[in-house]
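To start, the structure itself, in structure tokens.
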Amino acid sequence: MAEWQSPSRRRFKLDPLWLAGPGIFYLVLLLIVPAAGLMFLSFRDSSGSLSFETYRQMFGAGIYVQVLINTFSIAMQTTIACLLVGYPLAYWLAKMPEKRRRLVMWLVLLPFWMSALLKNFAWMVLLSRRGVLSQILTGMGIGGPVDLLYGRGVVVFAMAHTMLPLAALTMLPTLLSIDLGLARAAKTLGASGGQAFWRIVFPLSMPGVAAAGLLVFISSLGFFITPALLGSPRETVIGQLLITQVQQLLNWQLAGAIAVMLLVVTLAVCLVYDRAFGISAVSGERSDRRSTGLFARIGTVVIASAARVTDILAGVLDVVPGLRRRGWLLDAFCVLVMAMLLVPVLIFLPMAFGSSSFLEFPPRGYSLRWFETYWNSSNWTGATMRSFGIAIVSALLASAMGGIAAFGVARSKSRIGNVAFLLFMLPMIIPNIVIAVALFYLFAQIGLIATDAGIALGHTLTALPVVFVIILTTFKNYDWRLDQAAATLGATRMGTVRKVTWPIVKGSVVAAFLFGFLHSFEELTIALFVGGGVRQTLPKQMWDDVLLQVSPTLAAASVIILAVVTVVFVAAERARPR
């Protein structure tokens, strides 16, 4: 006779959210605990007593205040540039047919996944006094050689160039969810094209715009590669200060105080965003939250003003012959933006085959000597193999933890699911430079500095949000009635997973793994700190080459990276479900 169970016992069922436990434990152990320890250290003096001396030193010295202002100013300028250019690009992509949009998205994302170090070095070659642009301006008779480097303008331009694909593709899901038939209906009721766009389409796209602005601003706060290579001392940012305080001066108190400032600003921005739109909108989810009060009043005034200005400009252009149909203007603008995104990616190809002893574009002759130098160098090949090994391990760990966590969050009915989602997004929200310093502080105490394991653990941490969001999106859109139907037909739980669930979601899991691989393969900040200058990944080897000698071997290595990124990225995009 079957064992009798009480009704309360039969009703008990463990919430699937427990599957997120391993990932949450990993995040607490490698992110929250070391970050809290670093923050706590900033409130201690050399004897270990509670003290605010570090903060008095930081705010009392003019240089630290100026660096803080520089960092926030550059981040804000970069964010504004990305939104102004990225919104038309995202709107252009949203209006495309699905097949063509996927192809164009490959071209948008390809430069995003290419190392920021390589793109910045490309701008150094193109914009220097001997660069192509300077030669063109000289040939046109516009003065002598022009050096466009080492100023605020080129730093903001290069950072915006790096972050633009992120901004555009963060806005794209929101724009795709908007029914453009609403704008056409408004036009039939007498609204102009500008009024229909600004009063209907743009307000509905605001969650995506705000999410893009949030991610770009936070990511820009942690930038240090671009200001270090393209900026002057006047453009010094917080990331450069952190590197100096940790690696050269070992001033952990001041490094902790700087990290605290970054975290405070980041959390403040996130709280404002969450109050207006809901933090889950960062992953592309629709949010029912609406701005009220001051946000709503400011938004209404801005939208009304933009609509009025658009109508005035449209009236002016209507009297110009050939400009009454203006659809081609958006196409021309976006094609120009696409070309600009791809320029630094493509110029390394001819330079890698150059015969000169230094990097120049265009090259004067062609040779394979620099590829031979690359393959015959144990430093370069060793760094490449180490990057491959670390990237594979990091992607596997991130896919395992992120995949089961995404399943648990998607299936959970508990309100704690939102907290779990926020925890998994923390490595994306917290500036990468802060994560690197916190890991360095933790690993220095347990002996993982200058080890492959330490770098792999750090890369897993920062790859986790990317993998988690990709797989979570698939599970959110999965029709769970298919599993129920399989169960009613007699399938076991494992049989259902193997024959129904896995065939449907495996494309996203493979894509998430490959994007996790790309993230690790291109990552520099954590490798720079945790590697300790001993364990060289390929990006770290390239960073050292840029700082020390800048040989054309760098261009050959860049072609290798470009080939790897292209193959893996195309495979990831083809694996992702439509």
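Residue 536 in our numbering sits at position 535 of the sequence shown, and the numbers go up by one each step.
C-beta: ideal position from N, C-alpha, C; glycine also.
query: For Thr-1, which residues from the same chain have a beta carbon less than 6 Å from its beta carbon, with the 5 sequence-adjacent residues on both sides left out?
result: Outside the shown range of the chain (2 to 579) lies residue 1, about which nothing can therefore be said.
query: Can you check whether the CB of Ala-557 is closer than 7 Å to the CB of Ala-512?
result: No, the pair does not count as a contact, with Cβ atoms beyond the cut-off.
task: Compute the Euclidean distance between the alpha carbons of Ser-658 and Gly-232, then round it to the nearest angstrom.
output: Nothing can be reported for residue 658, as the shown portion of the chain is limited to 2 through 579.
task: Note down the Cα distance separating Val-270 from Arg-130, rounded to an integer number of angstroms.
output: Rounded to the nearest angstrom, the two C-alpha atoms are 39 Å apart.
message: Can you tell me whether Ala-564 is helix, strand or coil according to DSSP?
response: Here Ala-564 sits in helix by DSSP.
query: Residue range of the alpha helix (DSSP H) that Asn-380 falls in?
result: Its alpha helix (DSSP H) spans residues 379–412.
field: Contacts around Ser-521, its chain only, beta-carbon distance under 7 Å, and the 5 residues preceding and following it disregarded
entry: Excluding residues within five positions, the ones whose Cβ falls inside 7 Å are Ile-391, Ala-392, Ser-395, Ala-396, His-460 and Ala-464.
- request: Have a look at Ala-184 and Cys-83 and give me their C-alpha separation to the nearest angstrom.
  value: Going by the C-alpha atoms only, they are around 25 Å apart.
task: Can you check DSSP and say which residues form a bridge with Leu-51?
output: Per DSSP, the beta bridge partners of Leu-51 are Arg-45.
message: Assuming Ile-75 and Val-156 are in contact, meaning their beta carbons sit under 8 Å apart, how far apart are those beta carbons, in whole angstroms?
response: That pair is a contact at about 6 Å.
- prompt: Do Ser-400 and Phe-514 have their C-beta atoms within less than 7 Å of each other?
  reply: It is a contact, given that the beta carbons lie within the stated cut-off.
- prompt: Quick one: is Leu-433 buried, meaning 16 or more other Cβ sit within 10 Å of its Cβ, or exposed?
  reply: Looking at the sequence shown, residue 433 is not Leu but Asn. By the neighbour-count criterion, in which 16 or more other beta carbons inside 10 Å mark a residue as buried, Asn-433 falls on the buried side.
- request: State buried or exposed for Ser-9, treating a residue as buried only when at least 16 other CB atoms are found within 10 Å of its CB.
  value: Residue placement at Ser-9 is flagged as unreliable, the pLDDT there being 47, under the threshold of 50; a coordinate-derived value is accordingly withheld.
query: Contact check, Ile-259 vs Gln-241 under 8 Å by CB: the rounded distance?
result: Going by Cβ atoms, the distance from Ile-259 to Gln-241 rounds to 11 Å, so no, they are not a contact pair.
Rounded C-alpha distance that separates Val-568 from Val-336: Each residue's Cα considered, the two are about 24 Å apart.
- prompt: Does DSSP classify Tyr-479 as helix, strand or coil?
  reply: Under the three-state reduction of DSSP, Tyr-479 is assigned to coil, being neither helix nor strand.
query: If you draw a straight line from the alpha carbon of Val-560 to that of Ile-505, how long is it in whole angstroms?
result: Straight-line spacing of the CA atoms in Val-560 and Ile-505 works out to 35 Å.
- prompt: If we call anything under 7 Å between Cβ atoms a contact, is Ala-451 one with Arg-536?
  reply: Arg-536 sits close to Ala-451, with the two beta carbons spaced by under 7 Å.
task: Evaluate the contact criterion for the region 167–182 versus the region 78–93: three or more CB pairs, one atom per stretch, below 8 Å.
output: The answer is yes - the region 78–93 touches the region 167–182, with three or more Cβ pairs under 8 Å.
- prompt: Just the Cα atoms here: how many angstroms apart are Leu-20 and Ser-378?
  reply: Going from the Cα of Leu-20 to the Cα of Ser-378 covers about 45 Å.
Residue of Pro-466, Thr-497 and Leu-243 minimising C-alpha distance to Ile-226: Put simply, of Pro-466, Thr-497 and Leu-243 the residue whose alpha carbon is nearest the alpha carbon of Ile-226 is Leu-243.
field: Ile-25, enclosing alpha helix (DSSP H) - first and last residue
entry: Its alpha helix (DSSP H) spans residues 22–28.
task: Find out if the Cβ-Cβ distance for the pair Leu-263, Trp-544 is shorter than 7 Å.
output: Contact: no.
- prompt: What do you get for Pro-345, buried or exposed, if any count of 16 or more other CB atoms within 10 angstroms of its CB means buried?
  reply: Sixteen is the threshold: when 16 or more other Cβ atoms of the shown chains lie within 10 Å of the Cβ of Pro-345, as they do, the residue is buried.
field: Range covered by the alpha helix (DSSP H) that runs through Met-172
entry: Run containing Met-172: 153–177, per the alpha helix (DSSP H) assignment.
Gly-355 - partner residues in DSSP beta bridges: Beta-bridge pairing links Gly-355 to Tyr-367.
- prompt: What do you reckon, are the CB atoms on Ser-441 and Phe-354 nearer than 7 Å?
  reply: According to the sequence shown, residue 441 is Phe rather than Ser. The answer is no: Cβ separation not under 7 Å.
query: On the premise that Asn-121 lies in contact with Glu-236, defined as a C-beta separation below 8 Å, what is that separation, rounded to the nearest angstrom?
result: With a Cβ gap of about 13 Å, Glu-236 and Asn-121 do not count as contacting.
- request: Please indicate yes or no: does the CB of Glu-236 lie closer than 6 Å to some heavy atom of the ligand FAD?
  value: Among the ligands in the structure shown, none appear at all, so the ligand FAD cannot be discussed.
message: Can you list, in chain order, the residues of its chain with a C-beta nearer than 7 Å to that of Gly-533? Leave out the 5 residues immediately preceding and following it.
response: Correct list, in chain order: Ile-450 and Ala-451.
query: What residue range is occupied by the uninterrupted alpha helix (DSSP H) comprising Asn-252?
result: For Asn-252, there is no enclosing alpha helix (DSSP H), as DSSP gives it neither H nor E.
- prompt: How long is the line joining the alpha carbons of Pro-181 and Lys-188, rounded to whole angstroms?
  reply: Note on identity: in this sequence residue 181 is Leu, with Pro being the wrong assignment. Distance between the alpha carbons of Leu-181 and Lys-188: 11 Å.
message: Classify Leu-657: buried if its beta carbon has 16 or more other beta carbons within 10 angstroms, exposed otherwise.
response: Nothing about residue 657 can be reported from this structure: the residues present for the chain run from 2 to 579 only.
Enclosing alpha helix (DSSP H) for Val-501 [first to last residue]: Run containing Val-501: none; DSSP gives neither H nor E here.
CA-to-CA distance, Gln-254 to Leu-104, given in whole angstroms: So the alpha carbons of these two residues sit roughly 49 Å apart.
query: If you run the structure through DSSP and keep just helix, strand and coil, what is Leu-490?
result: Looking at Leu-490 - three-state DSSP - the assignment turns out to be coil, as it is neither helix nor strand.
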